[in-house]
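Notes to accompany the following structure.
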Amino acid sequence: MSEGIISIQNGIKKTDSERLIMNNLNLTINKGDFITILGGNGAGKSTLFNVISGNMKLTSGNVLLDDKSINHLSEEKRANFIGRVFQDPKLGTAPRMTVAENLLLASKRGQKRGLAFRKLKEQKESFYQLCQTIGNGLENHLDTPTGSLSGGQRQALSLLMSTIQKPDLLLLDEHTAALDPKTAQQIMTLTQKIVSENQLSCLMITHRMEDALTYGNRLIVLEAGQIVYDIPKDQKKELTMQDVLNFFN
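full-length UniProt numbering applies: residue 1 is where the sequence shown begins, and numbers increase by one.
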């Protein structure tokens with residue numbers, strides 16, 4: 001049984017022009033951690049997510065799952081145990097497929113594909129109940145092509161799809177940045193609910209400093225491809241908005 005502990009050891013990543021975009025980074029994500037991530041432009045936030053997800057290979061160092069290197073695993077293989085929600089609501093879903101078809105596809109992630117019947121009808125009731133927990137009417141659009149949904153509904157669907165198999169790690173890549181404030185708050189409330197109820201391990205990049213303070217049990221700050229602050233739960237509770245702003249002075 002996997003403990004779900006993912007870590008980066010001495011992670012170095014250089015671009016083709018030898019520019020250092022991850023600088024000897026070390027990070028351990030323990031089971032149940034909800035880590036919020038702050039950093040300016042070019043700090044290495046996207047690089048961190050791309051290295052973990054397998055979209056980008058380390059120049060040197062290791063990405064480990066339960067102390068075993070997963071450097072050799074492709075992005076597709078890692079998707080069996082890593083879920084990711086992107087900033088753009090259009091990513092992560094198939095626009096011409098219905099909501100139910102997208103959920104069915106996500107529910108079969110990691111399973112062998114054959115010529116068996118889809119059995120979509122049999123799953124619709126459970127998908128209806130799942131979508132009903134969101135509270136934005138998504139359950140009434142099971143037969144609607146995903147491309148016709150609102151941005152908030154589509155992002156909520158992406159979140160459901162990324163967590164339906166309860167991944168070892170959930171990566172939230174500024175997943176509320178493209179939404180209006182009210183919808184962003186709804187998605188964050190849903191995020192907290194899903195992460196808490198399923199006891200997921202989660203990394204969340206955000207530019208909303210209030211979200212970085214409100215959510216999660218750890219806060220890390222990146223600068224020039226390094227972790228310059230890794231603040232545990234007890235210390236994070238004492239932080240003010242001014243403290244966070246001071247990290248960037």
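Think of the CB as a built atom: it goes at the ideal place given N, C-alpha and C, for glycine as much as any other residue.
Starting from residue i and walking both ways along the alpha helix (DSSP H), at which residues does that stretch end?
{"i": "I231", "result": "Premise fails: I231 lies in the beta strand (DSSP E), Q226 to I231, not in any alpha helix (DSSP H)."}
{"i": "residue 250", "result": "Since the first and last residues shown for the chain are 1 and 249, residue 250 lies out of range."}
{"i": "L120", "result": "L120 to Q132"}
{"i": "K77", "result": "E75 to R78"}
{"i": "L91", "result": "Taken as a continuous stretch (DSSP letters only), L91 belongs to no alpha helix (DSSP H), as it is neither H nor E."}
{"i": "D211", "result": "M209 to T214"}
By how many angstroms is the C-alpha of residue j removed from the C-alpha of residue i?
{"i": "S107", "j": "Q242", "result": "43 angstroms"}
{"i": "F127", "j": "L20", "result": "45 angstroms"}
{"i": "Q186", "j": "R208", "result": "14 angstroms"}
{"i": "R78", "j": "D234", "result": "32 angstroms"}
{"i": "L159", "j": "T144", "result": "17 angstroms"}
{"i": "M97", "j": "K124", "result": "14 angstroms"}
{"i": "E101", "j": "S148", "result": "14 angstroms"}
{"i": "G59", "j": "Q226", "result": "A quick correction: the sequence has Thr, not Gly, at residue 59. Their Cα atoms are separated by approximately 15 angstroms."}
{"i": "S7", "j": "P167", "result": "15 angstroms"}
{"i": "L27", "j": "G61", "result": "12 angstroms"}
{"i": "A116", "j": "P181", "result": "At A116 the pLDDT is 44, less than 50, meaning the model places this residue with poor confidence; the figure from the coordinates comes in the next sentence. Answer to the nearest angstrom: the Cα atoms are 43 angstroms apart."}
{"i": "T240", "j": "L38", "result": "15 angstroms"}
{"i": "M204", "j": "L190", "result": "14 angstroms"}
{"i": "Q175", "j": "T36", "result": "As written in the sequence, residue 175 is His, which differs from the Gln given in the question. Their backbone Cα atoms lie some 12 angstroms apart in a straight line."}
{"i": "N198", "j": "Q165", "result": "10 angstroms"}
{"i": "K119", "j": "S74", "result": "29 angstroms"}
{"i": "A213", "j": "N249", "result": "What sits at residue 213 in the sequence shown is Leu, not Ala. Using only the alpha carbons, I get a separation of about 18 angstroms."}
Of the choices the options, whose alpha-carbon is the least far from that of residue i?
{"i": "L130", "options": "P95, I205 and L157", "result": "L157"}
{"i": "D66", "options": "H72, I5, S17 and I220", "result": "I5"}
{"i": "S53", "options": "L64, S60 and Q155", "result": "L64"}
{"i": "Q192", "options": "M56, Y215 and N41", "result": "Y215"}
{"i": "A224", "options": "V85, L48 and L179", "result": "L48"}
{"i": "N24", "options": "V99, T189, S17 and K13", "result": "K13"}
{"i": "N80", "options": "T146, M161 and T36", "result": "M161"}
{"i": "S69", "options": "M188, N10, L171 and Q132", "result": "N10"}
{"i": "C202", "options": "I134, V85, A94 and K57", "result": "V85"}
{"i": "E122", "options": "L103, T146 and Q132", "result": "L103"}
{"i": "I134", "options": "L105, S74, P89 and M188", "result": "M188"}
{"i": "residue 250", "options": "N217, N55 and E75", "result": "No statement about residue 250 is possible, as the shown extent of the chain runs from 1 to 249 and does not include it."}
{"i": "R109", "options": "H141, E76 and L120", "result": "E76"}
Just to confirm, are residue i and residue j a CB contact at a threshold of 7 angstroms?
{"i": "L200", "j": "I82", "result": "no"}
{"i": "I231", "j": "L245", "result": "no"}
{"i": "V221", "j": "F34", "result": "no"}
{"i": "Q153", "j": "L138", "result": "yes"}
{"i": "Q87", "j": "D211", "result": "no"}
{"i": "M22", "j": "G42", "result": "no"}
{"i": "L179", "j": "G151", "result": "yes"}
{"i": "T183", "j": "T146", "result": "no"}
Grouping DSSP H, G and I as helix and E and B as strand, with all else coil, what is residue i?
{"i": "K237", "result": "helix"}
{"i": "E145", "result": "Note on identity: in this sequence residue 145 is Pro, with Glu being the wrong assignment. Residue state, collapsed to three classes: strand."}
{"i": "D173", "result": "strand"}
{"i": "L138", "result": "helix"}
{"i": "S17", "result": "coil"}
{"i": "N50", "result": "helix"}
{"i": "M56", "result": "coil"}
{"i": "T189", "result": "helix"}
{"i": "K31", "result": "coil"}
{"i": "I70", "result": "coil"}
{"i": "L245", "result": "helix"}
{"i": "S201", "result": "coil"}
{"i": "I194", "result": "helix"}
{"i": "I5", "result": "coil"}
{"i": "L179", "result": "coil"}
Would you mind reading off the limits of the beta strand (DSSP E) that contains residue i?
{"i": "R84", "result": "I82 to V85"}
{"i": "I37", "result": "F34 to G39"}
{"i": "residue 257", "result": "Any property of residue 257 remains undetermined from this structure, which presents the chain solely from 1 to 249."}
{"i": "R218", "result": "R218 to E223"}
Taking 7 angstroms as the threshold (beta carbon to beta carbon), is residue i in contact with chain D?
{"i": "K90", "result": "Absence of chain D from the displayed structure is noted, only one protein chain being present."}
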